[in-house]
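Protein chains: 2
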Amino acid sequence: MTITEDLACYCQKVAEQGRRASRQLATLPTQQKNDWLQASAAALEANVDTVMAANALDIDAAPSFGLSDAAIDRLVLSKDRIKAIANAMREIAALPDPIGETISGSRRPSGIEIQKVRAPLGCVFFIYESRPNVTADAAAICIKSGNAVILRGGKEAQHSSRAIVEILQDTCEQCGVPEHAVQIVGTTEREAVGHFLSLGNLIDVAIPRGGKGLIELVSREATMPVIKHFDGNCHVYVDEAAAIEMAKEIVLNSKCQRMGVCNAAESMLVHSEVASTHLPAIAAALTEAGVEIRGDAATCKIVPEAKAAVDADWAEEYLGPIISCKVVESIQEAIEHINQYGSHHTDAIVTSDVERARQFANAVDSSAVMINASTRFNDGGEFGLGAEIGISTDKFHARGPCGLAELTTYKYVVQGSGTIRE
Amino acid sequence: MTITEDLACYCQKVAEQGRRASRQLATLPTQQKNDWLQASAAALEANVDTVMAANALDIDAAPSFGLSDAAIDRLVLSKDRIKAIANAMREIAALPDPIGETISGSRRPSGIEIQKVRAPLGCVFFIYESRPNVTADAAAICIKSGNAVILRGGKEAQHSSRAIVEILQDTCEQCGVPEHAVQIVGTTEREAVGHFLSLGNLIDVAIPRGGKGLIELVSREATMPVIKHFDGNCHVYVDEAAAIEMAKEIVLNSKCQRMGVCNAAESMLVHSEVASTHLPAIAAALTEAGVEIRGDAATCKIVPEAKAAVDADWAEEYLGPIISCKVVESIQEAIEHINQYGSHHTDAIVTSDVERARQFANAVDSSAVMINASTRFNDGGEFGLGAEIGISTDKFHARGPCGLAELTTYKYVVQGSGTIRE
Numbered sequence: 080m081t082i083t084e085d086l087a088c089y090c091q092k093v094a095e096q097g098r099r100a101s102r103q104l105a106t107l108p109t110q111q112k113n114d115w116l117q118a119s120a121a122a123l124e125a126n127v128d129t130v131m132a133a134n135a136l137d138i139d140a141a142p143s144f145g146l147s148d149a150a151i152d153r154l155v156l157s158k159d160r161i162k163a164i165a166n167a168m169r170e171i172a173a174l175p176d177p178i179g180e181t182i183s184g185s186r187r188p189s190g191i192e193i194q195k196v197r198a199p200l201g202c203v204f205f206i207y208e209s210r211p212n213v214t215a216d217a218a219a220i221c222i223k224s225g226n227a228v229i230l231r232g233g234k235e236a237q238h239s240s241r242a243i244v245e246i247l248q249d250t251c252e253q254c255g256v257p258e259h260a261v262q263i264v265g266t267t268e269r270e271a272v273g274h275f276l277s278l279g280n281l282i283d284v285a286i287p288r289g290g291k292g293l294i295e296l297v298s299r300e301a302t303m304p305v306i307k308h309f310d311g312n313c314h315v316y317v318d319e320a321a322a323i324e325m326a327k328e329i330v331l332n333s334k335c336q337r338m339g340v341c342n343a344a345e346s347m348l349v350h351s352e353v354a355s356t357h358l359p360a361i362a363a364a365l366t367e368a369g370v371e372i373r374g375d376a377a378t379c380k381i382v383p384e385a386k387a388a389v390d391a392d393w394a395e396e397y398l399g400p401i402i403s404c405k406v407v408e409s410i411q412e413a414i415e416h417i418n419q420y421g422s423h424h425t426d427a428i429v430t431s432d433v434e435r436a437r438q439f440a441n442a443v444d445s446s447a448v449m450i451n452a453s454t455r456f457n458d459g460g461e462f463g464l465g466a467e468i469g470i471s472t473d474k475f476h477a478r479g480p481c482g483l484a485e486l487t488t489y490k491y492v493v494q495g496s497g498t499i500r501e
Numbered sequence: 080m081t082i083t084e085d086l087a088c089y090c091q092k093v094a095e096q097g098r099r100a101s102r103q104l105a106t107l108p109t110q111q112k113n114d115w116l117q118a119s120a121a122a123l124e125a126n127v128d129t130v131m132a133a134n135a136l137d138i139d140a141a142p143s144f145g146l147s148d149a150a151i152d153r154l155v156l157s158k159d160r161i162k163a164i165a166n167a168m169r170e171i172a173a174l175p176d177p178i179g180e181t182i183s184g185s186r187r188p189s190g191i192e193i194q195k196v197r198a199p200l201g202c203v204f205f206i207y208e209s210r211p212n213v214t215a216d217a218a219a220i221c222i223k224s225g226n227a228v229i230l231r232g233g234k235e236a237q238h239s240s241r242a243i244v245e246i247l248q249d250t251c252e253q254c255g256v257p258e259h260a261v262q263i264v265g266t267t268e269r270e271a272v273g274h275f276l277s278l279g280n281l282i283d284v285a286i287p288r289g290g291k292g293l294i295e296l297v298s299r300e301a302t303m304p305v306i307k308h309f310d311g312n313c314h315v316y317v318d319e320a321a322a323i324e325m326a327k328e329i330v331l332n333s334k335c336q337r338m339g340v341c342n343a344a345e346s347m348l349v350h351s352e353v354a355s356t357h358l359p360a361i362a363a364a365l366t367e368a369g370v371e372i373r374g375d376a377a378t379c380k381i382v383p384e385a386k387a388a389v390d391a392d393w394a395e396e397y398l399g400p401i402i403s404c405k406v407v408e409s410i411q412e413a414i415e416h417i418n419q420y421g422s423h424h425t426d427a428i429v430t431s432d433v434e435r436a437r438q439f440a441n442a443v444d445s446s447a448v449m450i451n452a453s454t455r456f457n458d459g460g461e462f463g464l465g466a467e468i469g470i471s472t473d474k475f476h477a478r479g480p481c482g483l484a485e486l487t488t489y490k491y492v493v494q495g496s497g498t499i500r501e
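So the sequence lines, in the order shown, correspond to chains A and B. Each residue of the first sequence is one higher than the last, beginning at 80 in the numbering used here. Each residue of the second sequence is one higher than the last, beginning at 80 in the numbering used here.
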């Protein structure tokens with residue numbers, strides 16, 4: 080873990096170790112991966128004191144990083160929180176192994192038999208901020224899906240993360256998991272990230288989890304593919320065929336159930352036919368919940384407490400108690416507005432009309448389209464993935480919640496009996 | 080097609096048109112896409128003279144581009160070749176529509192019902208060299224999979240490609256396909272490629288097809304994901320449990336059935352236990368077929384006509400009548416050699432031992448692993464994809480032969496009945 084070589088050499092060595100470990104992990108039996116998850120969970124619980132001592136160092140240093148009280152609270156590891164981390168690892172152990180799954184197969188006229196089989200991506204570079212529970216979580220998801228992982232956590236949680244990783248590494252040997260299956264970058268130097276991102280020949284995918292600045296940096300510099308978790312400017316469209324009560328419930332839940340998350344609604348579109356009936360009721364409920372409404376001219380006419388929206392409001396991810404609101408003349412206008420200003424994350428329609436529900440679902444270009452359901456359902460847990468490493472806002476490779484399967488690729492295994500091509 | 084604005088503005092406009100067309104294509108009924116394919120095929124045949132006149136301009140200009148006779152031959156469009164292009168479009172019309180396919184689905188305890196549905200990627204930027212048949216082929220594959228396409232062909236085939244695209248565009252209106260579903264870049268300026276590659280906000284994927292230089296350029300400059308078709312350094316490993324006749328047949332077919340293609344074998348590994356029996360027979364057959372053998376010391380001892388291989392030979396894609404050959408002490412050594420020096424494209428084992436076949440299939444990190452079959456089978460046609468836009472050497476998103484499904488993503492369509500999150 081100490082850095083004796085210069086930084087570039089150090090990063091190269093870590094990546095090469097990750098690459099080699101990934102080759103072994105690709106063929107590691109399911110039982111050994113699960114044994115490691117169970118043993119790691121037990122070891123975390125057995126070493127609560129060590130982890131909490133390391134965590135205390137991070138807490139002590141937190142004010143010097145200018146962390147807010149809320150951020151410090153997220154950093155604190157109690158006995159209960161460590162138990163929760165261990166239990167999350169046990170849950171991942173209980174999930175089916177994605178590796179080796181036959182996705183499809185066929186027998187061809189030439190005589191060959193083809194199987195398309197799920198295989199690991201290889202070596203994952205995971206860059207994240209603050210919360211130390213992510214350290215164990217990311218390691219567990221990567222190993223279960225047969226990938227080696229290089230973890231680069233935030234400096235605010237460096238002691239906690241290292242203590243956790245050392246415990247996970249100690250259980251590798253006893254379970255026959257490769258020594259370098261889980262590595263943590265042993266330096267908080269910012270330049271290390273750039274070095275790793277240049278090693279596209281050794282690292283198969285980079286996954287940044289954190290603020291926009293981090294994700295943009297990684298996207299710009301990475302020489303390997305990136306699974307991005309960008310912003311969520313999510314909409315609820317209240318169709319002319321929406322029941323007023325259902326519309327109110329879904330807007331309220333989408334906006335208010337948890338405000339600071341990517342699948343919370345930031346904008347509401349209301350069909351002009353029902354604007355005068357539905358908008359006042361929905362607006363009153365939002366106002367009561369402390370949400371500020373920023374509306375277009377038509378909205379402001381109907382809702383006196385609304386402030387006038389400016390153009391930038393349509394693209395804004397507030398992550399707080401504000402919602403933009405626009406009256407539209409047609410479902411087509413709603414769809415075009417969402418495709419233009421939205422972030423292709425999660426968008427909902429409230430309607431009793433089956434044909435318009437279908438039109439909306441097909442035409443809105445988002446990772447999840449909700450029909451008469453809250454935007455808050457776009458989530459790995461709610462979707463039943465069992466574990467989640469993020470919600471991809473890309474279309475390529477993985478879209479929406481990313482669980483174990485999204486950290487895999489496939490290969491074709493072709494069998495013949497001396498079969499040659501004519 | 081004429082360029083009046085400056086180049087950057089022109090590229091921006093083309094990309095915006097492609098983006099808008101992609102929104103319409105995403106919901107275009109299957110029948111309209113198939114009608115367009117059939118009508119385009121018929122129009123190509125009806126306008127054979129126009130296409131051949133345009134092609135004559137390319138042939139005339141070919142010597143000024145320094146094209147070889149073989150390259151000029153690939154450029155020539157005869158009546159028969161145009162008929163073949165039309166028939167390829169009809170075959171794509173006959174394939175199932177990938178869009179709208181439900182990949183999986185579930186009902187969750189919360190009451191929501193989730194469908195994971197196949198959807199188009201959006202707008203494809205396709206960059207290719209020379210052969211004009213690729214123009215129609217790429218357009219057909221993209222439209223059938225619901226994507227808009229911006230074609231950038233080589234200057235050597237510019238007149239032929241434009242004539243073909245104009246015919247395809249003429250049939251758009253009559254079939255209700257968006258006007259800008261298929262566009263061809265109306266300039267041969269090299270800078271245009273760079274402009275398009277900077278438009279990651281409008282273009283969803285770039286697909287280069289051509290030489291290494293082109294692919295490297297696109298990979299380096301693209302701000303959108305790239306489906307790469309890199310080199311194929313494919314191996315045949317002759318295991319100690321390989322029957323001599325089968326080994327000979329598969330090596331010969333993998334190397335010689337067609338030499339200049341990415342799934343041809345470039346290297347042969349032979350287990351030491353059978354080197355003295357199998358190598359002389361295989362080498363004799365290769366030599367008879369005009370193939371030069373470059374061997375390690377052990378090979379050269381057994382095969383007198385072999386030349387000594389240097390280190391660079393193990394990573395070389397000859398694309399011609401040369402094969403490298405190494406004697407290995409174990410299947411593990413073969414696997415490690417392939418994972419280190421190979422290009423993760425296609426690698427074969429010849430063995431009668433079921434356990435070693437399985438070990439090889441699991442551990443070799445390639446898009447296709449062949450067991451007792453020729454490497455030449457890694458091909459969209461042989462795999463039954465029906466149409467192929469390339470063979471991806473990436474692991475991310477698409478691996479191996481890329482047909483219609485590989486030009487798609489998915490979205491989650493979630494239905495509730497006013498369902499909110501607790």
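Glycine residues also receive a C-beta, built at the ideal position from the N, C-alpha and C atoms. Being a predicted model, the structure only gives us computed values, none of them experimental.
When the Cα atoms are used, A/N226 and B/V340 turn out to be separated by approximately 31 Å. Where A/P480 is concerned, the enclosing beta strand (DSSP E) starts and stops at 479-481. Cβ-Cβ distances below 6 Å link B/F144 to E235 in the same chain, with the five nearest sequence neighbours on each side left out; the list follows chain order. The C-beta separation of B/K490 from A/A198 comes to about 25 Å, leaving the pair out of contact by the 8 Å criterion. With three or more CB-CB distances shorter than 8 Å, the region 250-261 of chain B counts as touching the region 93-109 of chain B.
Within chain A, no residue has its beta carbon less than 9 Å from that of B/T378; the closest one is some 23 Å off.
Exclusion of the five residues before and after B/V382 leaves L358, P359, A362, I372, G374, C404 as the residues of its chain whose Cβ lies within less than 8 Å of its Cβ. Among the residues facing chain B, A/Q336 is included, as its CB has a counterpart in that chain under 7 Å away. With the rule of 3 Cβ pairs closer than 8 Å, the region 301-321 of chain A counts as touching the region 459-477 of chain A. For A/P304, the closest Cβ of chain B is nearer than 7 Å. Secondary structure within the region 437-464 of chain A: the alpha helix (DSSP H) runs of 4 or more consecutive residues, fully enclosed, are 459-462 (chain order).
Cβ contact annotation for A/A141 (same chain, cutoff 7 Å, sequence separation greater than five): I151, L154, E235, in chain order. Selection A/A484, A/A442, A/E328 evaluated against B/G179 yields A/A442 as nearest (Cα-Cα). Within the region 253-280 of chain A, no residue places its CB atom closer than 8 Å to a CB of chain B.
In this model, B/H259 and B/Q96 are separated by some 6 Å (Cα to Cα). In the DSSP assignment, B/P287 is bridged to B/I206.
Here DSSP, grouped into helix, strand and coil, assigns A/G273 to helix. Contact annotation, B/I191 with A/F439: C-beta distance approximately 16 Å; criterion of less than 8 Å not satisfied. Secondary structure at A/P175: coil, using DSSP grouped into helix, strand and coil. Beta-bridge partners assigned by DSSP to A/S183: A/K195. Shown here, A/V93 sits in a helix according to DSSP, grouped into three states. Against chain B, the beta carbon of A/S189 has neighbours under 9 Å at A452, F456, E461, listed in chain order. Two segments are said to touch when three or more pairs of C-beta atoms, one from each, lie closer than 8 Å; by this definition the region 87-94 of chain B does not touch the region 213-228 of chain B. In the DSSP assignment, B/R373 is bridged to B/K386, B/S403.
Within chain B, the C-beta atoms nearer than 8 Å to that of A/E328 come from G497, I499, in chain order. Contacts with chain B (Cβ-Cβ distance below 8 Å) from the region 199-227 of chain A involve L200, G201, listed in chain order. When secondary structure is reduced to three states using DSSP, A/C379 falls in the helix class.
Chain A places a beta carbon closer than 7 Å to that of B/R478, counting this residue as a contact.
Counting C-beta atoms within 10 angstroms of its own C-beta, A/R210 has 16 or more neighbours from the protein chains shown and is therefore classed as buried. Straight-line measurement puts the Cα of A/V261 at about 13 Å from the Cα of A/Q103. Under a criterion of Cβ atoms nearer than 9 Å, no residue of chain A is adjacent to B/Q237; the nearest Cβ is some 30 Å distant. Flagged as an interface residue toward chain B: A/T106, by a C-beta distance shorter than 7 Å. The region 116-134 of chain A makes no contact with the region 268-275 of chain A, as fewer than three CB pairs between them are under 8 Å.
With its beta carbon at least 7 Å from every one in chain B, A/Y89 lies outside the interface. Within chain A, the residues F462 have their CB atoms less than 7 Å from the CB of B/I193, given in chain order. With contacts defined by Cβ atoms closer than 7 Å, A/V203 and A/V284 form a contacting pair.
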